[in-house]
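Novice: Plus 2 on top of the position in the sequence shown (first one is 1) and you've got the numbering used here.
C-beta atoms are modelled at their ideal positions from N, C-alpha and C, and glycine is treated no differently.
The model shown is predicted, which means the values in this text are computed figures rather than measured ones.
Handing you a structure now.
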Amino acid sequence: GSEEETDDEDPDLEFDFGPYEKVQELDPDTVDYEVIETEDELRAFADRLGEQSRYAFDTEATSRDAMTADLVGLSFSWAAETATYVPTPLPGDTSTDAVLDVLRPALGQDTRKVGHNLKYDLLLLKRHGVDVAGTLFDTMVAHYLVAPEQNHNLGDVARGVLNYKMVPIAGLIGDDTDRESMREVDVEEAAPYACEDADIALRLADELEPQLDDGNVLEIAHDIEFPLVHVLAAMEHTGIRLDTEVLNEISAGLEERLNEIEEQVFELAGEEFNINSTQQLGEILFDKLDLPVVSKTPTGKRSTKESVLEELSTEHEIPGLVLDWRSTYKLKSTYLDALGELVHPETDRLHTSFNQTRTATGRLSSSDPNLQNIPIRTELGREIRRAFVPKEGWQLLAADYAQIELRILASMSGDEAMQKTFREGGDIHTDAASRVYGIEPDEVTPDQRSKAKEVNYGIPYGISPWGLAQRMRMPVDEAQDIIKQYRQSYPGVSKLLNELVEDAQEKGYAETLLGRRRYLPDIDSSNSNERSAAERVAVNMPIQGTQADMIKIAMNRIHERLADEEWATRMLLQVHDELVFGVPPDEVLEVQSMISQEMKDALPLDDVPVVVDVDVGDNWLDAH
């Protein structure tokens, strides 16, 4: 949108789309949109498409889930305000497969392709037997790089970047119509909507390219994020196998565990009640046991949320047990029972969706299921990993970066002590504990090590003494001492944390080693909560975001090598600092060393070695 300054003194008072520019909309008189109706027209069009060095394309389909959707049509554009819609099947008797056969050579060419959320289109076409090749420019991903905090759906981006209001899909399908999907919309009606998608994506790419350059993220876009779209589409398409027997076993075990916890709680409470009812739980805790009311809900009820129960758990056993019950219940209901339902009816595999534009740090997230939600450190979370298995006769290979965020911290801070521990291959948590408690490393107790570990991992997130005290269930003043000792033990780290905040205050954004940015408007806020949240991000973003860049570079390179060297091995999952592959037995040794090498070399760190642990097993748990 146009950004007109309304007052020379205060650049913050800007109109996004001020009263100066009329919002544009689709005008049938100024655009040249055409529909392909016959096979002859299609062949002539495919020839023209094959001659283009760059074009935008978009698919229309029956569902937002690319793994189950049916293709309804494709639209293409290689010049602003012109586009072509190819319905599938054609209005005559040319089947969808026949249409795709004609378009396949052009889509498979190594040309530049533009689109919005291209992973969806690539995945959908892959399921329909068409491999889209070439260099990508994804306008959704590009917008995410220039404005990570905003919405990235096509309508919002078109409105914000081009000051253009798109034809709403609500007029074609949905509640106000009797049509459930695009399949039921007449070609004449669907065509302008579909053509507009390709046309606008093309125009957006031309606007966003210079914005990527201005934001210093052009290389991240072209070298990391755009190639990754191909990788994620392939991973989602492959999916991973689940052992449903193992899932059922775990589910039964959880049911038993829930019953045990309930019995303990009822015995302590002296009566039975519904643990899932916050009202009944409140009556037991605050009326019967007379525990202090820590906070209230917006409606004035006594709160029993997690942080409240954490605090009360030092006063009585029940709150801690209820926390256990809740996490077990959540795992069973949202995770285990849901996992089985997510298995694809045709492939018999689980196809999680990897989201490239969700997190503000640059990390990937996943949904249906959210793999990040499998707790790593609990026995139960480990059990769930047992249910992820390779295909018959194959093995799973898991490769993960060892303590990567702390290594990045050590490298960025130049902290001598921390770097020395990593270079000598020592245990960073034992080292931290020995420094904090002023004892020899071999005198460190498991309890001291786990406290130091919490600080190690909490420091990049700006952990507070109060936060540490809660997590470790220790007094606040002890936590305060530990953090103080830690900062004195690692002066380089302490200095870096201060510098990162100052740097962000000066620039207005935090950035990773490669220059990926996150803007922090609240870094100078007069509201101390907002300001300290922004300060935490200023410290955390450079570390987490650098790790994200590192693993993405590794994914791109490994994907490319698997293809170039024609390995059968497939990349299946990415979660946290780890990659999971399906590997045939005869490839294990060679692939193992290739993966380890590519992950290590992806983004070398100054003065600190990058360590990758690789293991193989008959399920995801054994591959650790």
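1. Under a Cβ-count criterion, where at least 16 other Cβ atoms within 10 Å of its own Cβ denotes burial, should Leu206 be classed as buried or exposed?
2. Residues in its own chain within less than 6 Å of Asp14 by CB, not counting five upstream and five downstream?
3. Please report the Cβ distance between Leu249 and Ala82, rounded to the nearest whole angstrom; I am assuming they are in contact, meaning their Cβ atoms lie under 8 Å.
4. Ends of the alpha helix (DSSP H) at Pro321?
5. Contact check, Ser79 vs Ala58 under 8 Å by CB: the rounded distance?
6. Check each candidate in Ser452, Tyr492, Thr548 and Asp483 and name the one with the smallest Cα separation from Arg473.
7. Going by beta-carbon coordinates alone, are Ile597 and Ala404 separated by less than 8 Å?
8. What separation, rounded to the nearest whole angstrom, lies between the Cα atoms of Val613 and Leu283?
9. Touch check for the stretch 514-533 and the stretch 559-569: three-plus C-beta pairs under 8 Å?
10. Based on the DSSP output, what are the partners of Ala401 in its beta bridges?
11. Please name the residue in Tyr459, Ala481 and Ala540 whose C-alpha comes closest to that of Trp468.
12. Relative to the alpha-carbon of Tyr521, which residue among Ser530, Asn529, Glu264 and Arg538 has its alpha-carbon at the smallest distance?
13. Is it buried or exposed for Gly440, if we count other Cβ within 10 angstroms and need 16 for buried?
14. Would you mind reading off the limits of the beta strand (DSSP E) that contains Thr548?
15. Determine contact between the stretch 34-44 and the stretch 145-162, defined as no fewer than three beta-carbon pairs at a distance below 8 Å.
16. Hey, could you find the ends of the beta strand (DSSP E) Ser355 is sitting in?
17. Considering only their Cβ atoms, is the gap separating Ile555 from Ile226 smaller than 8 Å?
18. Between Arg409, Phe424 and Ser329, which lies nearest to Glu381 when the distance is taken from Cα to Cα?
19. Helix, strand or coil: which one does DSSP assign to Tyr337?
20. How big is the Cα-Cα spacing for Arg351 and Pro91?
21. Taking its Cβ as the centre, do 16 or more other Cβ atoms sit within 10 Å of Asp60, making it buried, or is it exposed?
22. Using 8 Å as the Cβ pair cut-off and three pairs as the minimum, do the stretch 47-58 and the stretch 322-338 touch?
23. Whose C-alpha, out of Ser335, Ser297, Phe424 and Lys303, is nearest the C-alpha of Val310?
24. Measuring straight from C-alpha to C-alpha, what distance separates Asn621 and Arg360?
25. Would you list the one or two residues that DSSP bridges to Pro89?
26. Are the stretch 574-586 and the stretch 250-258 touching by the rule of at least three beta carbon pairs closer than 8 Å?
27. Using the rule of at least 16 other Cβ atoms within 10 Å of the residue's Cβ for burial, across every protein chain shown, is Glu600 buried or exposed?
28. Between Val478 and Ala454, is the Cβ-Cβ spacing less than 8 Å?
29. What does the Cβ neighbour count give for Ile378, buried or exposed, with the cut at 16 atoms within 10 Å?
30. According to the neighbour-count rule (16 or more other Cβ atoms, all chains shown, within 10 Å of its Cβ), is Asp609 buried or exposed?
31. Based on the DSSP secondary-structure assignment, which residues constitute the bridge partners of Arg243?
32. Leaving aside the five residues before and after Arg365 along the sequence, list all residues of the same chain whose C-beta is less than 7 Å from its C-beta, in chain order.
33. So what does Gln2 bridge to, in DSSP terms?
34. Under the assumption that Ala362 contacts Asp201 (Cβ atoms under 8 Å), give the Cβ distance between them as a whole number of angstroms.
35. Excluding the 5 residues flanking Thr432 on each side, which residues of the same chain have their C-beta closer than 7 Å to its C-beta?
36. Just checking, does the stretch 119-129 make contact with the stretch 235-247 on the three C-beta pairs under 8 Å criterion?
Specialist: So, from the data block:
1. Against the sequence shown, residue 206 aligns to sequence position 204. It is buried - the Cβ of Leu206 has at least 16 other Cβ atoms within 10 Å.
2. Numbered from its first residue, the sequence shown carries residue 14 at position 12. For Asp14, the predicted structure reports a pLDDT of 43, less than 50, and the residue's modelled location is therefore unreliable. A value from the coordinates is still provided. Hits under 6 Å: none found.
3. Translated into positions along the sequence shown, residue 249 becomes position 247. Translated into positions along the sequence shown, residue 82 becomes position 80. Actually they do not touch by this definition, with Cβ atoms about 51 Å apart.
4. For this step, residue 321 is matched to residue 319 along the sequence shown. That run of the alpha helix (DSSP H) goes Glu319 to Lys332.
5. Working through the sequence shown from its first residue, we reach residue 79 at position 77. Working through the sequence shown from its first residue, we reach residue 58 at position 56. That belief holds up - the Cβ atoms of Ser79 and Ala58 are roughly 5 Å apart, short of 8 Å.
6. As a working mapping, residue 473 is identified with position 471 in the sequence shown. Looking at the Cα atoms, Ser452 is the closest of the given residues.
7. Locating residue 597 in the sequence shown gives position 595, counting from the first residue. Locating residue 404 in the sequence shown gives position 402, counting from the first residue. Not in contact: Ile597 and Ala404 (Cβ atoms no closer than 8 Å).
8. Within the sequence shown, residue 613 is the residue found at index 611, counting from 1. Within the sequence shown, residue 283 is the residue found at index 281, counting from 1. Val613 and Leu283: Cα-Cα distance of roughly 47 Å.
9. no
10. Position 399 of the sequence shown, counting from 1, holds the residue named residue 401. Answer by DSSP bridge pairing, in chain order: Leu581 and Val616.
11. Within the sequence shown, numbered from 1, the residue matching residue 468 stands at position 466. The option with the nearest alpha carbon to Trp468 is Ala481.
12. The sequence position of residue 521 within the sequence shown is 519, counting from 1. Measuring from the Cα of Tyr521, the nearest candidate turns out to be Arg538.
13. As a first step, residue 440 must be located in the sequence shown, where it is residue number 438. The residue is exposed, with fewer than 16 neighbouring Cβ atoms inside 10 Å.
14. Against the sequence shown, residue 548 aligns to sequence position 546. First-last for Thr548: Ser530 to Asp566, but that is the alpha helix (DSSP H), not the beta strand (DSSP E).
15. no
16. Position 353 of the sequence shown holds residue 355. First-last of the beta strand (DSSP E) with Ser355: Ser355 to Asn357.
17. Looking up residue 226 in the sequence shown gives position 224. Looking up residue 555 in the sequence shown gives position 553. Yes, the Cβ-Cβ distance between Ile226 and Ile555 is below 8 Å.
18. As a working mapping, residue 381 is identified with position 379 in the sequence shown. For the residues Arg409, Phe424 and Ser329, the minimum Cα distance to Glu381 belongs to Ser329.
19. Your numbering for residue 337 matches position 335 in the sequence shown. Here Tyr337 sits in helix by DSSP.
20. Position 349 of the sequence shown, counted from the start, is the residue given in the question as residue 351. Position 89 of the sequence shown, counted from the start, is the residue given in the question as residue 91. Their backbone Cα atoms lie some 29 Å apart in a straight line.
21. Along the sequence shown, one-based indexing puts residue 60 at 58. Per the 10 Å Cβ criterion, buried.
22. no
23. Working through the sequence shown from its first residue, we reach residue 310 at position 308. The residue with the shortest Cα to Cα distance from Val310 is Ser297.
24. Start at 1 with the first residue of the sequence shown, and residue 621 comes out as number 619. Start at 1 with the first residue of the sequence shown, and residue 360 comes out as number 358. Using only the alpha carbons, I get a separation of about 29 Å.
25. Numbered from its first residue, the sequence shown carries residue 89 at position 87. According to DSSP, Pro89 bridges with Gly75.
26. no
27. Here residue 600 refers to the residue found at position 598 of the sequence shown. The residue in question, Glu600, is buried, as its Cβ has 16 or more Cβ neighbours within 10 Å.
28. Numbered from its first residue, the sequence shown carries residue 478 at position 476. Numbered from its first residue, the sequence shown carries residue 454 at position 452. Contact flag unset, no.
29. As a working mapping, residue 378 is identified with position 376 in the sequence shown. Exposed: under 16 other Cβ atoms inside 10 Å.
30. Here residue 609 is taken as the residue at index 607 of the sequence shown, counted from 1. That one is exposed.
31. Locating residue 243 in the sequence shown gives position 241, where the first residue counts as 1. Arg243 pairs with Val391.
32. On the sequence shown, residue 365 is found 363 positions in, with the first residue counted as 1. Same-chain partners within the cutoff: Gln546 and Ala550.
33. Nothing about residue 2 can be reported from this structure: the residues present for the chain run from 3 to 626 only.
34. Working through the sequence shown from its first residue, we reach residue 362 at position 360. Working through the sequence shown from its first residue, we reach residue 201 at position 199. In fact, because the Cβ distance is near 30 Å, the residues do not count as touching under 8 Å.
35. In the sequence shown, the residue the question calls residue 432 occupies position 430. Closer than 7 Å at the Cβ level, and outside the excluded window around Thr432, lie Pro443, Val446 and Arg451.
36. yes
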